[in-house]
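Numbering of the sequence shown is given in my numbering, commencing with residue 922 and proceeding in unit increments. Note that beta-carbon positions come from the ideal geometry of N, C-alpha and C, so glycine has one too. Predicted model only: the values in this text are computed from it and were never measured. Read through the structure below, which is laid out as structure tokens, and then see the notes.
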Amino acid sequence: MRRITILGRNLKDKEIEQIKRLAEDAGMTSDEIELVDAVGEPDPDCEDEIVLILASQETCADPALETDLATTQRGGRRAICVWPQNAASDSRPPDAVNKYAYSIIRFDPDRFRVVATEEDQHCFETPEGQPLPKPKTERNLCVDEEKAKAS
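Okay, structure coming up:
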């Protein structure tokens, strides 16, 4: 069983309808889609649960977003963030998204279908579909330090 859990806490009705339509246009059925105000514990009967997050300004500014993203990691769930259709071209994900998200993609049903159905596909892109700069994380810094020591 597959489930698409939409984090709707900070979304307006129009945004909820848009993100649901994105999932449906990507081939998900309405009975696979649920709307929640917070990410809870994983369902042990669910084989593939994706937490879908619309990366609106309100959602990205929410102090509880990091908790939701960290909770998503339990049980093998994946967080996929989608830029809103009207996102500014210079939009950048918050640190919590860089740290925990499986992918962040433009608003595109085909792109969502790929990252949702192929578990080895990761995609980090701007609202226009250009690659995001490599995020600065502890893991990347350690690798960079090891490379510097080896030189």
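query                                                                                              : result
When P1030, P965, V972 are compared against Y1021, the one with the closest alpha-carbon           : V972
Local conformation of C1002 per DSSP, three classes                                                : strand
Straight-line gap, A1009 to E979 (C-alpha atoms, nearest Å)                                        : 14 Å
Counted within 10 angstroms of its Cβ, other Cβ atoms place M949 as buried (16 or more) or exposed : buried
Start and end residues, alpha helix (DSSP H) containing T980                                       : 978-982
Cutoff 8 Å; reference I1025; Cβ partners in own chain excluding five residues on either side       : A976, I1001, C1002, V1003, W1004, P1014, V1018, C1044, F1045, E1046, L1053
Residue interval of the alpha helix (DSSP H) (run including D969)                                  : Careful: D969 lies outside any alpha helix (DSSP H), inside the beta strand (DSSP E) at 969-975.
Sequence-distant residues of its chain with Cβ nearer than 8 Å to R923 (five each side left out)   : M949, E953, C967, E968, D969, E970, I971
Option nearest T903 by Cα separation, candidates A959, A944, L990                                  : A query on residue 903 cannot be resolved here, the shown segment of the chain reaching from 922 to 1072 and no further.
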